[in-house]
Each structure stands twice: as C-alpha cells, then as structure tokens.
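Data first, discussion second: the structure below is written as structure tokens.
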Amino acid sequence: MSAILEVKTTLANEQDARSIGKSLVTARLAACAQIIPGVTSIYTWDDKLQEEAEVLLVLKTTESSWPALRDRLASQHPYDTPEIIAVEVKQSSFDYATWVREGCD
Numbered sequence: 045m046s047a048i049l050e051v052k053t054t055l056a057n058e059q060d061a062r063s064i065g066k067s068l069v070t071a072r073l074a075a076c077a078q079i080i081p082g083v084t085s086i087y088t089w090d091d092k093l094q095e096e097a098e099v100l101l102v103l104k105t106t107e108s109s110w111p112a113l114r115d116r117l118a119s120q121h122p123y124d125t126p127e128i129i130a131v132e133v134k135q136s137s138f139d140y141a142t143w144v145r146e147g148c149d
C-alpha cells in the first residue's frame, strides 16, 4: 500500500497556484490541492537577502504518484529553482488515506 505524502511548493501568486493545483488534481497525480495565501518567504538568492509575498500550494498524493507529480510540478513551475518538498504522512484517518489513494492511483 502506497504511503501518503504531503507536498509543498511556493508560488508568486494565487493564479499560478490555482492553475498548477488544478492540473495536478485533474491528472490524478494529487487528490487535493490547497492554496494558502499570505505567506512571506525570507531567503538568500544571488547573495542577497530577499523577502517576498508568496502563496503556499499544499498537495496530497501517494508515494507511487510522487515521481510523476514532482516532474510535472517542476515542469510547470515558473521559478528557476522551485521548492518542491514531500513529507510522508505518518498518521491519518483510515478513510482519508483511502480517499487520497483512490484519488491518485
């Protein structure tokens, strides 16, 4: 049985997050996409401290769908070096995990 993963990425605006989220859910690479506005990211880029308003896109997927989701997300992402992080969900309700698996695999 494939593990459930939570995938996170940030984008510059809600329109990009919505477009990518819909694409991944429609392709059944993610069961769910959540768009969280109002994120402030502070990081170093080109040796300069940056502070940007961003949108967090959180995706629910399975370990077996992860490689295809990762590759498609990277190809659609407008950033040069996008944050694409997957974390295994260690605990969830049985019904939710079943729903995620049915939505992806």
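Take 45 as the starting number for the sequence shown in my numbering and just add one per residue.
We put the CB at the ideal spot given by N, CA and C, even for glycine.
Residue state for Lys-134 is assigned as coil, using DSSP reduced to three classes.
Of the residues assessed, Ala-118 falls on the exposed side of the cut-off, its CB having fewer than 16 other CB atoms within 10 angstroms. Spanning the alpha carbons of Ile-128 and Glu-98 requires a straight line of approximately 14 angstroms.
Looking at the DSSP output, Trp-89 sits in a beta bridge with Lys-92.
For Ile-48, the uninterrupted beta strand (DSSP E) run begins and ends at 48-55, by DSSP. Counting along the chain, Pro-111 sits inside the alpha helix (DSSP H) bounded by residues 110-120.
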